[in-house]
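Numbered continuously in the working numbering, the sequence shown closes out at residue 191.
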Amino acid sequence: MDLLFLVLLVLAIVGTGIVSGVFFAFSGFVMQGLDRLPPADAARAMREINVTAPRPPLMLALFGTGLVLVAIVVLVFAFTGRIAGNGWWMTAAAIIYVVGAIGVTAGANVPRNNRLAAVSETDDAALGAAWREFRPGWVAWNHVRWLTSAAACVCLVVALLLR
Numbered sequence: 029m030d031l032l033f034l035v036l037l038v039l040a041i042v043g044t045g046i047v048s049g050v051f052f053a054f055s056g057f058v059m060q061g062l063d064r065l066p067p068a069d070a071a072r073a074m075r076e077i078n079v080t081a082p083r084p085p086l087m088l089a090l091f092g093t094g095l096v097l098v099a100i101v102v103l104v105f106a107f108t109g110r111i112a113g114n115g116w117w118m119t120a121a122a123i124i125y126v127v128g129a130i131g132v133t134a135g136a137n138v139p140r141n142n143r144l145a146a147v148s149e150t151d152d153a154a155l156g157a158a159w160r161e162f163r164p165g166w167v168a169w170n171h172v173r174w175l176t177s178a179a180a181c182v183c184l185v186v187a188l189l190l191r
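Quick look at the structure:
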């Protein structure tokens, strides 16, 4: 069973690191790159990103990592009857990640993506206005996703070191 926990822990570390990296890229430079375009073109580019993002590479990393984290917590409790030692770090990582990465994605970023997608492709003025409304909130929530994914990764590394 110890090997199973180790494998799951390493998978969770890699997964939270990958997801944090994706969110960091958007916060760090992708959105600034889009801002160099005219607002209507930035909106169009983001809409295309939003078409390609919900596919297996990102969805597997985002939701697969969440599933691994939940499995770790369930297994820790099932086999020990309590959460102690490094189990607290793994539990904290699971909560931080599920709420901060998955919850914020579903509750804040995806609704903004959907509103941007609903704007007419041919109306440059409406697309530009939609981009100016979309960007600040989307980026702010993306910072939350990036930082919580990174924090979950750090918690998992601490759990690994405490083994």
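Virtual Cβ for every residue (Gly too), placed ideally from N, Cα, C.
Own chain residues within Cβ distance below 7 Å of residue i, not counting five before or after
i: Trp166; result: Asn137 and Arg140
i: Leu62; result: Ala70, Ala73 and Met74
i: Met87; result: none
i: Val172; result: Gly128 and Val132
Distance CB(residue i)-CB(residue j) smaller than 7 Å
i: Leu184; j: Phe162; result: no
i: Ala129; j: Thr80; result: no
i: Phe54; j: Asn142; result: no
i: Met118; j: Ala187; result: yes
i: Val104; j: Ile111; result: yes
i: Asp152; j: Ala99; result: no
Sequence-distant residues of its chain with Cβ nearer than 6 Å to residue i (five each side left out)
i: Ala179; result: Ile124
i: Gly45; result: Cys181
i: Ala158; result: Ala71, Leu144 and Val147
i: Asn30; result: What sits at residue 30 in the sequence shown is Asp, not Asn. So the list is empty, once near-sequence residues are dropped.
Beta-carbon contacts of residue i that lie in its chain and below 8 Å, excluding the five residues immediately before and after
i: Phe91; result: Ile130
i: Val126; result: Gly94, Leu97 and Val98
i: Leu32; result: Leu103
Which listed residue (the options) has its alpha carbon closest to that of residue i
i: Asn78; options: Gly156, Thr133 and Ser48; result: Thr133
i: Ala71; options: Leu34, Val172 and Thr150; result: Thr150
i: Leu65; options: Leu189, Asp30 and Arg160; result: Arg160
i: Val35; options: Asp69, Gly49, Val58 and Thr93; result: Thr93
i: Gly113; options: Leu190, Asp30 and Pro84; result: Leu190
i: Ala40; options: Ala120, Ala153, Ala157 and Ala168; result: Ala120
i: Leu37; options: Ala168, Val127, Pro164 and Leu95; result: Leu95
i: Gly43; options: Glu76, Met59 and Pro85; result: Pro85
i: Ala168; options: Glu76, Met59, Met87 and Pro82; result: Met59
Nearest-angstrom beta carbon gap, residue j and residue i [assumed within contact, 8 Å]
i: Leu155; j: Ala122; result: Contact flag wrong, Cβ pair sits at about 39 Å.
i: Ala89; j: Val47; result: 5 Å
i: Phe51; j: Trp174; result: 4 Å
Delimiting residues of the alpha helix (DSSP H) encompassing residue i
i: Thr133; result: Element bounds for Thr133: n/a, residue is neither H nor E.
i: Glu76; result: Pro67 to Thr80
i: Ile124; result: Asn114 to Tyr125
i: Leu62; result: Met59 to Asp63
i: Gly187; result: Looking at the sequence shown, residue 187 is not Gly but Ala. Segment Asp152 to Leu189, the alpha helix (DSSP H) holding Ala187.
i: Ile111; result: Taken as a continuous stretch (DSSP letters only), Ile111 belongs to no alpha helix (DSSP H), as it is neither H nor E.
Below-7 Å beta-carbon distance, residue i vs any chain B residue
i: Val101; result: Note that chain B does not occur in the displayed structure, where there is just one protein chain.
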